[in-house]
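Undergrad:
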Amino acid sequence: MTKLGILDQSPIKEGSDAAAALHETIALAKACERFGYTRYWVAEHHNTSSFAGSAPEILITRIASETTHIRVGSGGIMLPHYSPLKVAECFQMLATLYPGRIDLGLGRAPGTDPRTSAALQPGPKAYPIDVFPQQIDLLRHFLADDFADDHPYRGIHAMPRSPEHPEMWMLGSSLQGALFAAEFGLPFCHAHFINPGETARVIDLYREKFRPSATLAEPYATLGVAVLAADTDAAAHHIGKSRNLWVTQLLTGNRGRFVSPEAVDDYRFSAQESSIYASVEQRGISGTGETCKIQLGELGQAHGIDEFILLTITYDPADRVRSYELIAQAFGLANPVTQNPPNAKAKADKP
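FYI, in the working numbering the residues of the sequence shown are 1 to 351.
#1: Tell me whether Pro99 sits in a helix, a strand or coil according to DSSP, three-state version.
#2: Helix, strand or coil for Val42, going by three-state DSSP, please let me know.
#3: Give a yes or no on whether the C-beta atoms belonging to Val227 and Thr248 are separated by under 9 Å.
#4: What whole-angstrom Cβ distance do Ala328 and Phe35 have, given they're in contact under 8 Å?
#5: Whole-angstrom Cβ separation of Ile305 and Trp41, contact assumed at under 8 Å?
#6: Where does Pro99 land, buried or exposed, given buried means 16+ other C-beta within 10 angstroms?
#7: Compute the Euclidean distance between the alpha carbons of Gln9 and Leu139, then round it to the nearest angstrom.
#8: For a minimum of 3 consecutive residues, which ranges assigned as the beta strand (DSSP E) are wholly contained in the segment 203–242?
#9: Quick check on Asn47: buried or exposed, where buried means 16 or more other Cβ atoms within 10 Å of its Cβ?
#10: Any contact between the segment 154–173 and the segment 112–119? By contact I mean 3 or more CB pairs, one from each, below 8 Å.
#11: Is it true that the CB of Arg161 sits closer than 9 Å to the CB of Gln92?
#12: Using 9 Å as the threshold, is the C-beta distance between Gly105 and Cys189 below it?
#13: Taking 8 Å as the limit between beta carbons, can you name the residues of its chain near Thr2, skipping five residues before and five after?
#14: Below 8 Å, how does it come out for the segment 285–294 and the segment 198–212: are there three or more Cβ pairs, yes or no?
#15: Measuring straight from C-alpha to C-alpha, what distance separates Gly240 and Ala109?
#16: Do you know offhand how far Ile194's Cα is from Ser173's?
#17: Tell me the start and end of each unbroken alpha helix (DSSP H) in the segment 265–330 that is at least 4 residues and wholly inside, in chain order.
#18: Could you compute how far the alpha carbon of His23 sits from the alpha carbon of Ser50?
#19: Leaving aside the five residues before and after Gly185 along the sequence, list all residues of the same chain whose C-beta is less than 8 Å from its C-beta, in chain order.
#20: Using CA coordinates, which residue listed in His45, Leu28, Thr291 is at the minimum distance from Arg255?
#21: From this set, His238, Pro80, Arg207, Phe132, which residue's C-alpha is nearest Glu262's C-alpha?
#22: Please classify Gln134 as buried or exposed, where buried requires at least 16 neighbouring CB atoms within 10 angstroms.
#23: With a cut-off of 8 Å on the beta carbons, I'd call Leu171 and Gly73 a contact; round off their distance for me.
#24: Whole angstroms are fine: how far does the CA of Ser275 sit from the CA of His81?
#25: Specify the secondary structure class of Val72 as computed by DSSP and reduced to three states.
#26: Put Ile6 into one of helix, strand or coil per three-state DSSP.
#27: Just to confirm my understanding: we take Lys293, look at its own chain, exclude 5 residues before and 5 after, and list those with CB closer than 8 Å. What are they?
#28: Is the beta carbon of Tyr206 sitting closer than 9 Å to the one on Ala229?
#29: Mark Pro152 as exposed unless 16 or more other C-beta atoms lie within 10 angstroms of its C-beta, in which case mark it buried.
#30: In chain order, what residues of the same chain have a beta carbon less than 6 Å from the beta carbon of Leu245, not counting five sequence neighbours either side?
#31: Would you tell me roughly how many angstroms separate the C-alpha atoms of Phe132 and Glu273, rounded to the nearest one?
#32: Buried or exposed for Ile70, going by 16 or more other Cβ atoms inside 10 Å?
#33: Here's a check: name, in chain order, each residue in its chain whose Cβ is nearer than 6 Å to the Cβ of Ile6, leaving out the five neighbours to either side.
#34: With distances taken Cα to Cα, identify the nearest neighbour of Gly15 among Thr314, Arg257, Glu290, Tyr277.
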């Protein structure tokens, strides 16, 4: 059975606010657990009026406390902003409180503008992007508590010390992200919704360069896909206008909130925007639940995908709930508590 997870960016619609968006995220997570999804990830963005999720580790805590078995995680933590030890301790705490349920998805994009990125770090260029591999390596050792005897951090423990650990993932939209995932033997999620043209190259490179690790014996490739299901294809097309316009405006340097489909109908597009909007429409998957299932199946077969992480943004939060419900029905999702995590085989093979 195809495994399906969710990425929630906590979108803020026009006329609403961040508090409402966060409560919509919590309600959606509870609904998606009932629908049978495997995992629920929340995003990290800063200094934006479009998305409310600035602290995934806090939102994860709330969602995990209001659900019982769905995996909950970050999609992702933008590691260049932070100390690896601090990230390790945050997620060790989460894994200890919610054993077997926490995912630590890592990214290297800033998730914001350069000035805000500089303000997030403890000092000028404290964690430049070129030390990202070293940050990953430190984070892994802090979580495993296995620094070599001669390492300067030997004896520094990520607290709480516990047999429970988060499941680390690498997230990315480029060949470099795939290489990092392969080098460290991590499951990988490619942001197809950002860079669909590179999907084949990225996934192929990940598999080609993959090195087995203590937690993952074989490559585990997933795609983050923009998907929208509705009761009819026409309804899905109409509802999808909100995100399509937002992406169009983002690509032309105009960030804002998500407007209603009716507002999109009244919007006066420039020639450039019309061209971009038409391209954006082709990036995602939309239609009835069955239509989405077919298109996801074709995409998965083309690239040998192990799992999809679905991203759905709508103006009306009820449309988002309905979209995930229809897709779950089309796939006949089972209770995710019975589904093995990607590192299950490696764990089973360990003596």
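Beta carbons are placed, not taken as given, at the ideal position from N, Cα and C, and that holds for glycine.
TA: So, from the data block:
#1: Against the sequence shown, residue 99 aligns to sequence position 99. DSSP places Pro99 in coil when its eight states are reduced to three.
#2: As a working mapping, residue 42 is identified with position 42 in the sequence shown. Secondary structure of Val42 (DSSP, three-state): strand.
#3: Looking up residue 227 in the sequence shown gives position 227. Looking up residue 248 in the sequence shown gives position 248. By the CB criterion at 9 Å, Val227 and Thr248 fall outside the cutoff.
#4: As a position in the sequence shown, residue 328 is number 328, starting the count at 1. As a position in the sequence shown, residue 35 is number 35, starting the count at 1. About 4 Å separates the two Cβ atoms, so the contact holds.
#5: Taking the first residue of the sequence shown as 1, we reach residue 305 at position 305. Taking the first residue of the sequence shown as 1, we reach residue 41 at position 41. Between the beta-carbon of Ile305 and that of Trp41 there is about 16 Å, and that puts the pair past the 8 Å contact cut.
#6: Working through the sequence shown from its first residue, we reach residue 99 at position 99. By the neighbour-count criterion, in which 16 or more other beta carbons inside 10 Å mark a residue as buried, Pro99 falls on the exposed side.
#7: Taking the sequence shown and counting its residues from 1, the one referred to as residue 9 is at position 9. Taking the sequence shown and counting its residues from 1, the one referred to as residue 139 is at position 139. Approximately 24 Å between the Cα atoms of the pair.
#8: Listed in chain order, they are 221–229.
#9: Here residue 47 corresponds to residue number 47 of the sequence shown, with the count starting at 1. In this structure Asn47 is exposed. Its beta-carbon is surrounded by fewer than 16 other beta-carbon atoms within 10 angstroms.
#10: When C-beta atoms of the segment 154–173 are compared with those of the segment 112–119, fewer than three pairs fall below 8 Å, so the two segments do not count as touching.
#11: The count along the sequence shown starts at 1 and reaches residue 92 at position 92. The count along the sequence shown starts at 1 and reaches residue 161 at position 161. Judged by their CB atoms, Gln92 and Arg161 are nearer to each other than the 9 Å cut-off.
#12: The sequence position of residue 105 within the sequence shown is 105, counting from 1. The sequence position of residue 189 within the sequence shown is 189, counting from 1. For the 9 Å CB-CB criterion, Gly105 and Cys189 form a contact.
#13: Here residue 2 corresponds to residue number 2 of the sequence shown, with the count starting at 1. These residues qualify, in order along the chain: Leu296, Gly297, Gly300, Glu307, Phe308, Phe331.
#14: The answer is no - the segment 198–212 does not touch the segment 285–294, with fewer than three Cβ pairs under 8 Å.
#15: The residue labelled residue 240 in the question sits at position 240 within the sequence shown. The residue labelled residue 109 in the question sits at position 109 within the sequence shown. If I take the Cα positions, the gap works out to 26 Å.
#16: As a working mapping, residue 194 is identified with position 194 in the sequence shown. As a working mapping, residue 173 is identified with position 173 in the sequence shown. Ile194 and Ser173 have their C-alpha atoms spaced approximately 7 Å apart.
#17: Counting only runs of 4 or more, we get 271–281, 289–303.
#18: Start at 1 with the first residue of the sequence shown, and residue 23 comes out as number 23. Start at 1 with the first residue of the sequence shown, and residue 50 comes out as number 50. Whole-angstrom Cα-Cα distance: 15 Å.
#19: What you label residue 185 is simply residue 185 of the sequence shown in a count that begins at 1. Non-local C-beta neighbours of Gly185 in its own chain, meaning closer than 8 Å and more than five positions away in sequence, comprise Phe210, Arg211, Pro212, Ser213, Ala214, Thr215, Leu216, ordered along the chain.
#20: Start at 1 with the first residue of the sequence shown, and residue 255 comes out as number 255. Here the closest residue by C-alpha is His45.
#21: Residue numbering aside, residue 262 sits at position 262 when the sequence shown is read from its first letter. Cα-wise, what sits closest to Glu262 is His238.
#22: Position 134 of the sequence shown holds residue 134. With a 10 Å radius around the Cβ and a threshold of 16 neighbouring Cβ atoms, Gln134 comes out exposed.
#23: If you number the sequence shown from 1, residue 171 lands on position 171. If you number the sequence shown from 1, residue 73 lands on position 73. With a beta-carbon spacing of about 10 Å, Leu171 and Gly73 fall beyond the 8 Å limit used to define contacts.
#24: As a first step, residue 81 is located in the sequence shown; it is residue number 81 there, counting from the start. As a first step, residue 275 is located in the sequence shown; it is residue number 275 there, counting from the start. If I take the Cα positions, the gap works out to 35 Å.
#25: Counted from its first residue, the sequence shown places residue 72 at position 72. Strand.
#26: Your numbering for residue 6 matches position 6 in the sequence shown. In the three-state scheme derived from DSSP, where H, G and I count as helix and E and B as strand, Ile6 is classed as strand.
#27: Position 293 of the sequence shown holds residue 293. Hits under 8 Å: Ile327, Ala330, Phe331.
#28: For this step, residue 206 is matched to residue 206 along the sequence shown. For this step, residue 229 is matched to residue 229 along the sequence shown. Not closer than 9 Å, so no.
#29: By one-based count along the sequence shown, residue 152 stands at place 152. With fewer than 16 Cβ atoms within 10 Å of its Cβ, Pro152 is classed as exposed.
#30: Residue mapping note: residue 245 aligns to position 245 of the sequence shown, counting from 1. Counting only Cβ-Cβ distances below 6 Å, and skipping sequence neighbours, we find Val264.
#31: By 1-based counting over the sequence shown, the position of residue 132 is 132. By 1-based counting over the sequence shown, the position of residue 273 is 273. CA-to-CA, the gap between Phe132 and Glu273 works out to about 35 Å.
#32: Translated into positions along the sequence shown, residue 70 becomes position 70. Its Cβ being crowded by 16 or more others within 10 Å, Ile70 is buried.
#33: Translated into the one-based positions of the sequence shown, residue 6 becomes position 6. For Ile6, where only same-chain residues beyond five positions count, the Cβ hits under 6 Å are Cys32, Tyr37, Tyr40, Leu310.
#34: As a first step, residue 15 must be located in the sequence shown, where it is residue number 15. Nearest C-alpha to Gly15: Arg257.
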